[in-house]
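Enquirer: Take the sequence shown: its position 70, counting from 1, is numbered 70 in my numbering, and each next residue is one higher. Right, I'll just put the structure down here and ask away after.
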Amino acid sequence: KQISISDKPATIEQKYDILCLLGSGAFSKVRLAETKTQPVERYAVKIIEKKSIKGYERFLQNEISVLKRFSKNDPDGEKLTHPNIVQLFETFEDENKVYLVMELVTGGELFDRIVEKGFYSERDASQLLKQLFEAVDYLHQHGVVHRDLKPENLLYDTPDEDSKIMITDFGFARMDNSGTMKTECGTPGYAAPEVIAKVAYGKAVDVWSLGVIAYILLCGYPPFYDDNDAMLYAKISKGHFTFDSPYWDPISASAKHLIMKLLCVCVEERYTCQQALQHPWISGNAAICRNIH
Ligand code: ADP
Ligand code: MG
Numbered sequence: 001k002q003i004s005i006s007d008k009p010a011t012i013e014q015k016y017d018i019l020c021l022l023g024s025g026a027f028s029k030v031r032l033a034e035t036k037t038q039p040v041e042r043y044a045v046k047i048i049e050k051k052s053i054k055g056y057e058r059f060l061q062n063e064i065s066v067l068k069r070f071s072k073n074d075p076d077g078e079k080l081t082h083p084n085i086v087q088l089f090e091t092f093e094d095e096n097k098v099y100l101v102m103e104l105v106t107g108g109e110l111f112d113r114i115v116e117k118g119f120y121s122e123r124d125a126s127q128l129l130k131q132l133f134e135a136v137d138y139l140h141q142h143g144v145v146h147r148d149l150k151p152e153n154l155l156y157d158t159p160d161e162d163s164k165i166m167i168t169d170f171g172f173a174r175m176d177n178s179g180t181m182k183t184e185c186g187t188p189g190y191a192a193p194e195v196i197a198k199v200a201y202g203k204a205v206d207v208w209s210l211g212v213i214a215y216i217l218l219c220g221y222p223p224f225y226d227d228n229d230a231m232l233y234a235k236i237s238k239g240h241f242t243f244d245s246p247y248w249d250p251i252s253a254s255a256k257h258l259i260m261k262l263l264c265v266c267v268e269e270r271y272t273c274q275q276a277l278q279h280p281w282i283s284g285n286a287a288i289c290r291n292i293h
């Protein structure tokens, strides 16, 4: 039997009602949670089965410690809150599961909005990417590399058309103090060439993933695709992609220029978040007047 040394309830069920499923990932289920006390507060609780992460507990430890740094409620947190980074409020653990009580966002995955819309206008894509580059730049400035940026891990805050976007799922995130890192991770279609080559890699991998997302937003399909993983890896390693006709014909040269600077195999030549934020398609009005495509 556990002895509670704080005011914190021993089990999550004492404080919250765990309700409907909001989403699921490879390692977790995320459910709606409501406080039992008035006024009712709503949260998202990420539930991880301990047996499903056996041997990989360090990933969960890492996710929790990164999220804590960026959460205002955590007593040890550095309160590096950012409007586009989801907050962690508290954690629970029982014999079989770990629970992360997080800020609830209700607008659904970017993935589903892309599927629904087909593709984004340049104006909408540029506004979305600006928020993402700002948030990822903030992470990078504080030494964190996300390493799994993809439309399933980017959630709209509300169902509104003009809702802000939130970055979630820090399961693969790492502190990048040394400048380079070397573990395998991420999802193949969004992984940078240096991830696939298993050479040391750092912040630039997130920029690559945002390049893949930028490409998908504008045309509705991925720059690198193959049913066969080995073939897909070969395509990514070469960094070979095309702006196919007719889909890319109406899209501005400025958008294409930015994508080429993001999906650049050579890490030294690839843009940083700062450089992307200064690109006219993001910072200026290159995309604002292009609301047709
Ligand atoms: P995994 O590490 O297993 O991929 P995620 O953290 O990506 O888990 O969460 C899985 C899914 O749950 C997400 O793709 C999203 O649909 C949903 N989800 C995650 N966090 C939240 C949240 N804070 N609010 C609402 N839904 C969420
Ligand atoms: Mg996920």
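Glycine is no exception: its CB is placed at the ideal position from the N, C-alpha and C atoms. All of these numbers come straight from a predicted model, not from anything done at the bench.
(1) Give me the residue from Val145, Cys20, Glu49, His142 with the minimum Cα distance to Arg42.
(2) For Cys20, does the three-state DSSP call read helix, strand or coil?
(3) Note down, in chain order, each residue of its chain lying with its Cβ closer than 7 Å to the Cβ of Ile48, except the 5 sequence neighbours on either side.
(4) Work out the CA separation of Ala135 and Ser52 for me, nearest whole Å.
(5) Beta carbon of Ile167, beta carbon of His140: below 9 Å?
(6) Quick check on Ile251: does DSSP put it in helix, strand or coil?
(7) Only counting the same chain, and skipping five residues up and downstream in sequence, which positions put a Cβ closer than 6 Å to that of Lys238?
(8) Give me the Cβ distance between Ile165 and Leu128, rounded to the nearest whole Å; I'm assuming they're in contact under 8 Å.
(9) Taking 9 Å as the CB-CB limit, is Gln14 close to chain D?
(10) Taking the C-alpha atoms as reference points, what is the distance between Val193 and Lys8?
(11) Could you tell me which of Lys46, Val144, Ile18, Tyr16 sits nearest to Val30, measuring between CA atoms?
(12) Using CA coordinates, which residue listed in Gly25, Leu32, Leu22 is at the minimum distance from Glu13?
(13) Ligand 2 and Asn62: does the residue's C-beta get closer than 8 Å to at least one heavy atom of that ligand?
(14) Beta carbon of Ile213, beta carbon of Leu155: below 9 Å?
(15) Using a 10 Å radius around the Cβ and a threshold of 16 neighbouring Cβ atoms, would you call Met231 buried or exposed?
(16) Leu210 and Phe133 look like a contact to me (Cβ under 8 Å); what is the Cβ gap, rounded to whole Å?
(17) So is the beta-carbon of Asp74 under 8 Å away from any non-hydrogen atom of ligand 2?
(18) Could you compute how far the alpha carbon of Ser178 sits from the alpha carbon of Gln131?
(19) Give me the residue from Glu95, Lys54, Leu263, Ala44 with the minimum Cα distance to His240.
(20) Check each residue's C-beta against every heavy atom of ligand 1 and list, in chain order, those closer than 6 Å.
(21) Could you tell me the distance, in whole angstroms, from the CA atom of Ser252 to the CA atom of Cys219?
Expert: So, to answer that:
(1) Cys20
(2) strand
(3) Phe27, Ser28, Leu60, Lys97, Val98
(4) 30 Å
(5) no
(6) coil
(7) none
(8) 6 Å
(9) This model lacks chain D altogether, as it is built from one protein chain only.
(10) The sequence given here has Pro at residue 193, not Val. About 45 Å.
(11) Lys46
(12) Leu32
(13) no
(14) no
(15) exposed
(16) 7 Å
(17) no
(18) Annotation note: pLDDT 47 at Ser178 (below 50); position unreliable, coordinate value reported separately. Looking at the two C-alpha atoms, the distance is approximately 27 Å.
(19) Leu263
(20) Leu22, Gly23, Ser24, Gly25, Ala26, Phe27, Ser28, Val30, Ala44, Lys46, Val86, Met102, Glu103, Leu104, Val105, Glu109, Glu152, Asn153, Leu155, Thr168, Asp169, Gly171
(21) 12 Å
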